[in-house]
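What follows is a short report on a single structure.
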Ligand code: CP3
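In this note's numbering, the protein residues as written are 2 to 343.
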């Protein structure tokens, strides 16, 4: 029998939505923290194929999610293009910036990214061997705009100011960076699929800070190119797009990009999404991740609300964004039991 996630992605309305969770392998789980300590640090964990596969499997063993997402990070691609990347504990990622023509010219391209990323493909191969047969394996990459915001600023930013500034001051360089990331993302995801990823997801976490025509050019268009090229190379490959905080721009995103599923953040109501987004195909989401911290009856009520509102079309249950380190693992079980009606 076809895996439930693949059925939902093919447009089927299921009696119970399949479920997985963004950042399901992460610091809220004691077994994750133990394996990360064994690896040394977060990046060493990403590049240790055996241990990266192990942390990917941990939430599958504990909860029986319907999908596993490859354990890696969206910032490994810029690292493979030649920027220095490191993580400051308690703060987040840092990298050497790309804001000048010289820095852009120093970036790599083409097949050289695989020299760095080969361990990630090995993680995918291990997972395809070890995952239960009913569990779907999702590969992923960051969307060009979101990855560019980190490369231009050298770190995470609240308003993506440095990336907007480069776009205003040197649009040719900004667009060259978006194009380079688009090409490399295709090559990166192509290798993940060859290694065994059954679905790919494109994370555009900062899409919401692009307005009007900028959203169309730098969020929608790269997602369309990546989706179209991957589907040309792998006919039938399902693609999930996540233009986070897209608001009204969620409307029509399936059609504009060719994505099979559009992932929703929790700033849109599931009723609104059913009427305006799910009419075009599968949606994923969108319980507020804060419920994984607070739990209780509100978690149950809001989970039911999301399930009910999206029950008349194809739906994959998920959070609106990643689960946070302060979440209680028992609340995750309560969410799953509520979705599955137990
Ligand atoms: O979802 C999963 O379980 C799969 C693995 C995954 C990670 N990052 C592991 C991770 C995925 C899909 C990502 C995507 C990612 N990474 C995004 C897009 C999704 C989103 O959250 O909006 C972004 C913007 C990044 C970049 C990134 N990586 C940041 C900003 C940080 C620091 C913030 C934080 O949460 O600590 C990371 C670190 C990171 N990536 C962790 C994990 C489990 C925590 C690192 C640790 O263990 O110390």
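Using N, Cα and C, we set each Cβ at its ideal position, and we do this for glycine too. Small disclaimer: the values here were computed from a predicted structure and weren't measured.
Does the Cβ of residue 322 lie closer than 8 Å to at least one heavy atom of the ligand CP3?
Residue 322 Cβ: within cutoff of the ligand CP3.
Thinking C-beta only, is residue 282 closer than 9 Å to residue 315?
Yes, they are a contact pair.
How is residue 75 classed by DSSP in three states: helix, strand or coil?
Residue 75: coil per DSSP, three-state reduction.
Can you tell me whether residue 45 is buried or exposed, with buried defined as 16 or more other CB within 10 angstroms of its CB?
Result: exposed.
Might you give, ordered along the chain, the residues of its own chain that have their beta carbon closer than 7 Å to the beta carbon of residue 107, omitting 5 neighbours on each side?
Spatial neighbours of residue 107 in its own chain (CB-CB distance under 7 Å, excluding positions within 5 residues in sequence) are listed in chain order as 83.
Among 247, 256, 190 and 259, the one whose alpha carbon lies nearest that of residue 207
Closest option to residue 207, judged by alpha-carbon separation, among 247, 256, 190 and 259: 247.
Check whether residue 145 and residue 183 have beta carbons under 9 Å apart
Yes, the pair counts as a contact, with Cβ atoms nearer than the cut-off.
My understanding is that residue 114 touches residue 78, with C-beta atoms under 8 Å, so please give their C-beta distance in whole angstroms.
The beta-carbon distance between residue 114 and residue 78, rounded to whole angstroms, is 7 Å. This is short enough to meet the 8 Å contact definition.
For the alpha helix (DSSP H) containing residue 293, list its first residue and its last residue.
Run containing residue 293: 292-295, per the alpha helix (DSSP H) assignment.
What's the gap between the Cα of residue 30 and the Cα of residue 24?
Cα to Cα, residue 30 sits roughly 11 Å from residue 24.
Start and end of the alpha helix (DSSP H) containing residue 181?
Here the alpha helix (DSSP H) through residue 181 covers 172-196.
Please confirm whether residue 205 and residue 233 have their CB atoms less than 9 Å apart.
Contact flag unset, no.
Between 154, 306 and 319, which lies nearest to residue 66 when the distance is taken from Cα to Cα?
Cα-wise, what sits closest to residue 66 is 319.
So does residue 158 have its beta carbon nearer than 8 Å to some heavy atom of the ligand CP3?
Not one heavy atom of the ligand CP3 is found less than 8 Å from the C-beta of residue 158.
Report yes if the C-beta of residue 90 is less than 8 Å from at least one heavy atom of the ligand CP3; otherwise report no.
Because some heavy atom of the ligand CP3 lies under 8 Å away, the Cβ of residue 90 counts as near it: yes.
Check this for me: beta carbons of residue 279 and residue 231, under 9 Å apart or not?
In this structure, residue 279 sits away from residue 231, with a CB-CB distance that is not shorter than 9 Å.
Where the alpha helix (DSSP H) containing residue 337 begins and where it ends:
Note, residue 337: alpha helix (DSSP H), 330-340.
Bridge partners of residue 95, per DSSP?
According to DSSP, which records beta bridges pairwise, residue 95 is partnered with 87 and 156.
Looking at residue 317 and residue 9, is the spacing between their C-beta atoms short of 9 Å?
Contact: yes.
Own chain, CB closer than 7 Å to residue 74, minus 5 neighbours either side, in chain order:
Result list for residue 74: 47, in chain order.
I want to check one thing, is the minimum distance from the CB of residue 26 to the heavy atoms of the ligand CP3 below 8 Å?
Result yes, Cβ under 8 Å from the ligand CP3.
May I ask whether a heavy atom of the ligand CP3 can be found less than 8 Å away from the beta carbon of residue 50?
No - the ligand CP3 has no heavy atom lying nearer than 8 Å to the Cβ of residue 50.
Go ahead and label residue 60 buried or exposed: buried means 16 or more other beta carbons lie within 10 angstroms of its beta carbon, across all protein chains shown.
With a 10 Å radius around the Cβ and a threshold of 16 neighbouring Cβ atoms, residue 60 comes out buried.
Could you tell me the boundaries of the beta strand (DSSP E) in which residue 285 lies?
Boundaries of the beta strand (DSSP E) harbouring residue 285: 283-288, taken from the DSSP string.
For the ligand CP3, is there any heavy atom lying closer than 8 Å to the beta carbon of residue 23?
It does: the Cβ of residue 23 is within 8 Å (strictly closer) of some heavy atom of the ligand CP3.
Let's test the definition: count the other Cβ atoms within 10 Å of the Cβ of residue 261 and tell me whether it reaches 16, buried, or not, exposed.
Buried: at least 16 other Cβ atoms inside 10 Å.
Do you know how far the Cα of residue 81 is from the Cα of residue 117?
Their Cα atoms are separated by approximately 5 Å.
Does the Cβ of residue 219 lie closer than 8 Å to at least one heavy atom of the ligand CP3?
Residue 219 Cβ: outside cutoff for every heavy atom of the ligand CP3.
Per the DSSP calculation, residue 140 is bridged to which residue(s)?
201.
To the nearest angstrom, how far is it from the Cα of residue 217 to the Cα of residue 272?
Roughly 25 Å separates the two Cα atoms.
Contact set for residue 152: own chain, Cβ-Cβ below 6 Å, skip 5 residues either direction
Contacts found: 79 and 99.
So what does DSSP say about residue 319, is it helix, strand or coil?
Reduced to three states, the DSSP call for residue 319 is strand.
Go ahead and label residue 89 buried or exposed: buried means 16 or more other beta carbons lie within 10 angstroms of its beta carbon, across all protein chains shown.
In the assembly as shown, residue 89 is an exposed residue. Its beta-carbon has fewer than 16 other beta-carbons within 10 Å.
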